[in-house]
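Asks:
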Amino acid sequence: MTKITMTKGFSLVELMVAMLISLFLTLGLFAMFSMSATNITTTGQFNQLQENGRLALAIITPDLMQTGFMGDATGQSLRLGTGVEVRDAIANDCIGAGINNRSLPTAAGNFRLLWGYENGNSAESIGCLSSVEANTDVVQLKRMVGPAAASSGYRAATKGNSIVFFSSDSNQPADIEYRTWQYQHRIYYISDVGGEPVLTRRALSSSGMNNIEQLVDGIENMRILYGIDMDGDDVADKFLAANNMTEAMWNNSSTNRIVAFKVFLLVRAVDPDRSYQNDKQYTLGDKQLGPFNDNYRRVVLSTMVVLENPLAQLEDS
32 MTKITMTKGF SLVELMVAML ISLFLTLGLF AMFSMSATNI TTTGQFNQLQ ENGRLALAII
92 TPDLMQTGFM GDATGQSLRL GTGVEVRDAI ANDCIGAGIN NRSLPTAAGN FRLLWGYENG
152 NSAESIGCLS SVEANTDVVQ LKRMVGPAAA SSGYRAATKG NSIVFFSSDS NQPADIEYRT
212 WQYQHRIYYI SDVGGEPVLT RRALSSSGMN NIEQLVDGIE NMRILYGIDM DGDDVADKFL
272 AANNMTEAMW NNSSTNRIVA FKVFLLVRAV DPDRSYQNDK QYTLGDKQLG PFNDNYRRVV
332 LSTMVVLENP LAQLEDS
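Residue numbers (this note's numbering): 32 to 348.
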């Protein structure tokens, strides 16, 4: 006679308990996964913010540090007819404030090698720029780098206190005692590119101030404070925003010389994070920004730059 063995299964209560335990385990795993994904997003964005900010500072800092380097004529007042000659004019120029603030020296006054303003809050501006973000600083600077290769845009040849600006090879000085440098006129500003803030540079080329470079994404604001030496010891006694600078300071009078800069950048993540609400305030030197109440992470990076070359001081016309 065959014996039949009965196997007992799960009861309904046991099945429901098992399902409930599985549900809790699934929810726990989902929460851990969600937290991990959020941490990855946060870490990635902070790394991106730091990297973009450092890159932007690395681009701006050398130009600011070397502003005013004019080869053998460094520190001299540059005026046409007084050891200064311009052999090739610039058709498409960007003109800043002051009586002599073009790409190349003109006949009137000292040649201004450095100038800046806050877009929307300063009375003056540079007319060649477009799509500049409101309440952000703009800075223009001029210097030489070298040695310059032939046909490398505008160049300058220096010998003692003499300087010749030219772009065409036929107008290069024949005197072998002249040293030839590449001449740079650059303007840094924050532009709106399709709704995104971008650190942008407009620079002098062989065809004029037509070279526009979009350098670093996510640079939302730039603030530059200018260090003024008031007692002749080459140390900044105070730092001023562009709006508080006077004509004497821009022209480097003997008691108002620019010797340093403080640069502040507000860097914004390229992409928003819908799980994050930004209600923070940010300090850029002398001004506060925010809260923005949006979904973008931000960080402030700053540096101090000491001017390595003496700027030409103001002289009587």
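Beta carbons are placed, not taken as given, at the ideal position from N, Cα and C, and that holds for glycine.
#1: Which same chain residues end up closer than 8 Å to Arg-210 when comparing Cβ atoms and leaving out the 5 residues on each side of it in sequence?
#2: Please determine, among Gly-147, Asn-326, Asp-168 and Thr-98, the residue with the shortest C-alpha to C-alpha distance to Leu-230.
#3: Exposed or buried, which one is Ile-207 when buried takes at least 16 other CB atoms within 10 Å?
#4: Report the rounded CA-to-CA distance for Val-290 versus Leu-111, giving the unit in angstroms.
#5: Identify the continuous beta strand (DSSP E) that holds Glu-251 and give its terminal residues.
#6: One question on the structure: do Leu-172 and Asp-94 come within less than 8 Å of each other, judged by their Cβ atoms?
#7: Flag this pair as yes or no: are the beta carbons of Val-294 and Ile-221 separated by less than 8 Å?
#8: Which residue's Cα is closest to the Cα of Gly-239: Glu-82, Gln-81, Asp-248 and Gln-215?
#9: Beta-carbon within less than 6 Å of Thr-286's beta-carbon, same chain only, minus the 5 sequence neighbours each way: which residues are those?
#10: Enumerate, from N- to C-terminal direction, the unbroken beta strand (DSSP E) stretches of 3 or more residues contained entirely within the segment 111–157.
#11: Taking just the CA atoms, how far does Asn-326 sit from Ile-90?
#12: When you compare only the Cα positions, how much space is there between Leu-43 and Met-50?
#13: Going by DSSP, what residues sit across from Pro-178 in a beta bridge?
#14: Buried or exposed: Glu-155, going by 16 or more other Cβ atoms within 10 Å of its Cβ?
#15: Distance check for Gly-75 and Met-280, CA to CA, integer angstroms please.
#16: For Ser-284, does the three-state DSSP call read helix, strand or coil?
#17: Could you check the C-alpha separation between Pro-322 and Pro-204 for me, to the nearest Å?
#18: For Asn-283, does the count of other Cβ atoms within 10 angstroms reach 16, so buried, or fall short, so exposed?
#19: Of all the options Leu-296, Ala-128 and Asn-324, which has the alpha carbon lying nearest to the alpha carbon of Leu-315?
#20: With burial defined as no fewer than 16 other Cβ atoms inside 10 Å of the residue's Cβ, what is the status of Arg-328: buried or exposed?
#21: Short of 7 Å in beta carbon distance, which residues of its chain neighbour Asp-265, apart from the five on each side in sequence? Order them along the chain.
#22: Taking DSSP as the reference, what is the three-state secondary structure of Gln-79?
#23: Shortest alpha-carbon distance to Asn-123 belongs to which of Arg-254, Tyr-257, Ile-243 and Thr-92?
#24: Can you give the Cα-Cα distance for Gly-184 and Arg-305, rounded to whole angstroms?
#25: Asn-274 to Gly-258, Cα distance in whole Å?
#26: Got a sec? Which residues, its chain only, sit under 7 Å from Val-117 by beta carbon, not counting five neighbours each side?
#27: What is the rounded straight-line gap between the Cα of Gln-79 and the Cα of Ala-300?
#28: Give every residue of the same chain whose Cβ lies closer than 8 Å to the Cβ of Tyr-313, excluding the five residues on either side of it in the sequence, and list them in chain order.
#29: Buried or exposed for Asp-347, please, with buried defined as at least 16 other CB atoms from any protein chain shown within 10 angstroms of its CB.
#30: With a cut-off of 8 Å on the beta carbons, I'd call Glu-251 and Met-96 a contact; round off their distance for me.
#31: Let me confirm a value: Gly-127 is counted as buried when at least 16 other C-beta atoms fall within 10 Å, else exposed. Which label applies?
#32: Tell me Lys-190's beta-bridge partners as DSSP assigns them.
Replies: Per the coordinate set shown:
#1: Translated into positions along the sequence shown, residue 210 becomes position 179. If we look at Arg-210 and ignore the five residues flanking it on each side, its Cβ neighbours are Gly-102, Asp-103, Gly-177, Pro-178, Ala-188, Thr-189 and Lys-190.
#2: Indexing the sequence shown from 1 puts residue 230 at position 199. Minimum Cα distance to Leu-230 is reached at Asp-168.
#3: As a working note, residue 207 is residue 176 in the sequence shown. With fewer than 16 Cβ atoms within 10 Å of its Cβ, Ile-207 is classed as exposed.
#4: Here residue 290 refers to the residue found at position 259 when the sequence shown is read from its first residue. Here residue 111 refers to the residue found at position 80 when the sequence shown is read from its first residue. Distance between the alpha carbons of Val-290 and Leu-111: 25 Å.
#5: Here residue 251 refers to the residue found at position 220 when the sequence shown is read from its first residue. Unbroken beta strand (DSSP E) run through Glu-251: 250–260.
#6: On the sequence shown, position 141 is the one that residue 172 refers to. On the sequence shown, position 63 is the one that residue 94 refers to. It is a contact, given that the beta carbons lie within the stated cut-off.
#7: Here residue 294 is taken as the residue at index 263 of the sequence shown, counted from 1. Here residue 221 is taken as the residue at index 190 of the sequence shown, counted from 1. Result no, Cβ atoms of Val-294 and Ile-221 do not sit closer than 8 Å.
#8: Here residue 239 refers to the residue found at position 208 of the sequence shown. When each option's Cα is compared against that of Gly-239, the closest is Gln-215.
#9: For the purposes of this step, residue 286 is taken as residue 255 along the sequence shown, with counting starting at 1. Correct list, in chain order: Met-261.
#10: Given a length threshold of 3 residues, each whole run of the beta strand (DSSP E) inside the segment 111–157 is given here in chain order: 115–117 and 145–149.
#11: Stepping through the sequence shown from its first residue, residue 90 is reached at position 59. Stepping through the sequence shown from its first residue, residue 326 is reached at position 295. Straight-line Cα distance between these residues: approximately 28 Å.
#12: Here the question's residue 43 lines up with position 12 in the sequence shown. Here the question's residue 50 lines up with position 19 in the sequence shown. In a straight line, the C-alpha of Leu-43 is about 11 Å away from that of Met-50.
#13: Position 147 of the sequence shown, counted from the start, is the residue given in the question as residue 178. Answer is none; Pro-178 lacks a bridge partner.
#14: For the purposes of this step, residue 155 is taken as the residue at position 124 of the sequence shown. Classification of Glu-155: exposed, given that the 10 Å Cβ count is below 16.
#15: As a working mapping, residue 280 is identified with position 249 in the sequence shown. As a working mapping, residue 75 is identified with position 44 in the sequence shown. Whole-angstrom Cα-Cα distance: 43 Å.
#16: Residue mapping note: residue 284 aligns to position 253 of the sequence shown, counting from 1. Per DSSP, reduced to three states, the secondary structure at Ser-284 is strand.
#17: Residue numbering aside, residue 322 sits at position 291 when the sequence shown is read from its first letter. Residue numbering aside, residue 204 sits at position 173 when the sequence shown is read from its first letter. So the two alpha carbons sit approximately 57 Å from each other.
#18: Translated into the one-based positions of the sequence shown, residue 283 becomes position 252. Looking at its Cβ environment, which holds 16 or more other Cβ atoms inside 10 Å, Asn-283 is buried.
#19: As a working note, residue 315 is residue 284 in the sequence shown. Ranking Leu-296, Ala-128 and Asn-324 by Cα distance to Leu-315 puts Leu-296 first.
#20: Against the sequence shown, residue 328 aligns to sequence position 297. Label assigned to Arg-328: buried.
#21: Here residue 265 is taken as the residue at index 234 of the sequence shown, counted from 1. Around Asp-265: Val-290.
#22: For this step, residue 79 is matched to residue 48 along the sequence shown. In the structure shown, Gln-79 sits in a helix (DSSP, three-state: H, G or I).
#23: Position 92 of the sequence shown holds residue 123. Asn-123 has its Cα closest to that of Ile-243, out of Arg-254, Tyr-257, Ile-243 and Thr-92.
#24: Looking up residue 184 in the sequence shown gives position 153. Looking up residue 305 in the sequence shown gives position 274. Roughly 47 Å separates the two Cα atoms.
#25: Counting from one through the sequence shown, the residue named residue 274 turns up at place 243. Counting from one through the sequence shown, the residue named residue 258 turns up at place 227. Cα to Cα, the separation comes out at about 14 Å.
#26: Here residue 117 is taken as the residue at index 86 of the sequence shown, counted from 1. For Val-117, where only same-chain residues beyond five positions count, the Cβ hits under 7 Å are Leu-111, Leu-135, Pro-136 and Phe-196.
#27: On the sequence shown, residue 79 is found 48 positions in, with the first residue counted as 1. On the sequence shown, residue 300 is found 269 positions in, with the first residue counted as 1. Each residue's alpha carbon lies about 7 Å from the other.
#28: Numbered from 1 along the sequence shown, position 282 holds the residue referred to as residue 313. Excluding positions up to five away in sequence, the list reads Leu-297, Gln-319, Leu-320, Gly-321, Arg-329 and Val-331.
#29: Here residue 347 is taken as the residue at index 316 of the sequence shown, counted from 1. Note that Asp-347 has pLDDT 48, beneath the 50 cutoff, so the model's placement of it is unreliable and the number below is only indicative. Exposed.
#30: Here residue 251 is taken as the residue at index 220 of the sequence shown, counted from 1. Here residue 96 is taken as the residue at index 65 of the sequence shown, counted from 1. At roughly 24 Å, the Cβ-Cβ gap does not stay under 8 Å, so Glu-251 and Met-96 are not in contact.
#31: By one-based count along the sequence shown, residue 127 stands at place 96. It is buried - the Cβ of Gly-127 has at least 16 other Cβ atoms within 10 Å.
#32: As a first step, residue 190 is located in the sequence shown; it is residue number 159 there, counting from the start. Residue pairing of Lys-190 in beta bridges, as defined by DSSP: Ser-193.
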